[in-house]
Amino acid sequence: MVAVKPDSRPLYLLVKDRLLEMIKKGTYPLDSKLPSEFELSKLFGVSRPTLREALRVLEEEGVLIRKHGIGTFVNSPKSTIKSGIEKLNSVTYDIESLNYRAGTKLIKFNYATPSEIVKEKLGLSNGEKVVQIKRIRTADGEPVVYCVDSIKASASFDLEDFKSLENSLLDLLKQKYSINISYAITEIVPVIADELLGEYLGKINKDPILLLEQVHYTKENSPVLYSENYFKSDRFKFQVIRKRV
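Count along the sequence shown from 1, then add 350; that gives the number in our numbering.
Shown next, in the form of structure tokens:
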């Protein structure tokens with residue numbers, strides 16, 4: 351039995367602290383499965399309701415994670431992907447900069463009639479089309495960004511290039527079509543995850559999402575790409591350097 355030294359706090363908090371100490375010492379390593387509730391309650395000499403309350407607090411603090419039908423595991427901390435927003439990096443670059451494996455799940459791609467917002471952003475005339483690509487970007491297999499990209503259509507485009515797109519769209523436009531993106535005008539908008547975003551990003555409904563709305567321009571100041579990127583706020587942070595003038 352593992353001794354739990356009594357003090358003025360509720361017993362479940364004492365159990366929580368003792369279990370946290372054991373995790374920090376490596377008794378239960380990161381990603382390891384904890385013993386059953388029966389075994390842990392016996393180990394600490396407490397009732398199962400008391401143990402469950404201690405586990406609940408540790409789960410809320412992100413120390414533990416419950417996997418339904420499997421058990422309770424020690425959660426491995428996830429690095430936050432930080433990006434200086436003054437730098438026009440691709441999502442692929444931001445993910446790989448922290449040594450994650452960047453991946454893509456293609457949802458849809460097609461020639462589409464642009465919305466009024468997209469027409470305005472890209473300066474399109476009536477009847478002009480866009481290539482619209484909807485993708486989920488992953489970091490080590492975890493969905494972290496939902497991307498909706500609208501590209502001013504060109505007769506030289508081959509839709510198969512976009513179908514097989516695994517990594518950076520900016521790199522594809524540059525290397526295959528000599529479209530060099532020079533800069534982007536960006537707006538950051540906090541939004542609430544709806545049911546569709548929850549399905550794509552694995553977020554619980556009403557969790558905050560960071561939406562980056564960007565119009566990408568060539569060095570000739572021609573808008574060619576409008577993107578809406580929905581970032582999981584627990585995995586991405588954006589910073590900007592501000593200087594006095």
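Think of the CB as a built atom: it goes at the ideal place given N, C-alpha and C, for glycine as much as any other residue. Note that the structure is a prediction, hence the values are computed from the model and not measured.
Cβ pair residue i, residue j closer than 8 Å
{"i": "Glu577", "j": "Gln589", "result": "One detail in the question is off: residue 577 reads as Ser in this sequence, not Glu. Not in contact: Ser577 and Gln589 (Cβ atoms no closer than 8 Å)."}
{"i": "Ser532", "j": "Thr568", "result": "yes"}
{"i": "Tyr461", "j": "Lys479", "result": "yes"}
{"i": "Val396", "j": "Leu361", "result": "yes"}
{"i": "Asp511", "j": "Leu575", "result": "no"}
{"i": "Ser391", "j": "Leu405", "result": "no"}
{"i": "Leu393", "j": "Ala534", "result": "no"}
{"i": "Tyr378", "j": "Val495", "result": "no"}
{"i": "Leu562", "j": "Ile529", "result": "no"}
{"i": "Glu409", "j": "Arg416", "result": "yes"}
{"i": "Thr442", "j": "Leu515", "result": "no"}
{"i": "Val481", "j": "Ala503", "result": "yes"}
{"i": "Pro464", "j": "Leu474", "result": "yes"}
Residues that residue i bridges to, as DSSP identifies them
{"i": "Arg485", "result": "Leu456, Cys497"}
{"i": "Tyr580", "result": "Tyr496, Leu561"}
{"i": "Phe507", "result": "Beta-bridge pairing links Phe507 to no other residue."}
{"i": "Ile539", "result": "At residue 539 the sequence reads Val, which differs from the Ile that was named. Per DSSP, Leu561."}
{"i": "Val480", "result": "Ala462, Lys502"}
{"i": "Val396", "result": "In DSSP, Val396 forms no bridge with anything."}
{"i": "Tyr378", "result": "Answer is none; Tyr378 lacks a bridge partner."}
{"i": "Tyr527", "result": "DSSP, once it has assigned bridges, lists no residue as partnering Tyr527."}
{"i": "Tyr533", "result": "Tyr567"}
{"i": "Lys383", "result": "Phe423"}
Integer Cβ distance of residue i from residue j, believed to fall under 8 Å
{"i": "Leu380", "j": "Val424", "result": "5 Å"}
{"i": "Asp490", "j": "Tyr450", "result": "5 Å"}
{"i": "Lys587", "j": "Ile559", "result": "Contact flag wrong, Cβ pair sits at about 13 Å."}
{"i": "Ile486", "j": "Ile457", "result": "7 Å"}
{"i": "Gly436", "j": "Ile591", "result": "With the sequence shown as reference, residue 436 is identified as Glu, and Gly is not the correct amino acid for it. Correct: roughly 6 Å between the Cβ atoms."}
Collapsed DSSP secondary structure at residue i in the structure displayed
{"i": "Pro558", "result": "strand"}
{"i": "Ile467", "result": "helix"}
{"i": "Leu474", "result": "coil"}
{"i": "Thr568", "result": "coil"}
{"i": "Ala404", "result": "helix"}
{"i": "Pro360", "result": "coil"}
{"i": "Val365", "result": "helix"}
{"i": "Tyr450", "result": "coil"}
{"i": "Gly412", "result": "coil"}
{"i": "Val574", "result": "strand"}
{"i": "Gly421", "result": "strand"}
{"i": "Gly437", "result": "It is Lys, not Gly, that sits at residue 437 in the sequence shown. Note: Lys437 maps to coil in three-state DSSP."}
{"i": "Lys513", "result": "helix"}
Segment contact, 8 Å Cβ cut-off, at least three pairs: the stretch 518 to 533 with the stretch 544 to 551: The stretch 518 to 533 vs the stretch 544 to 551: no contact.
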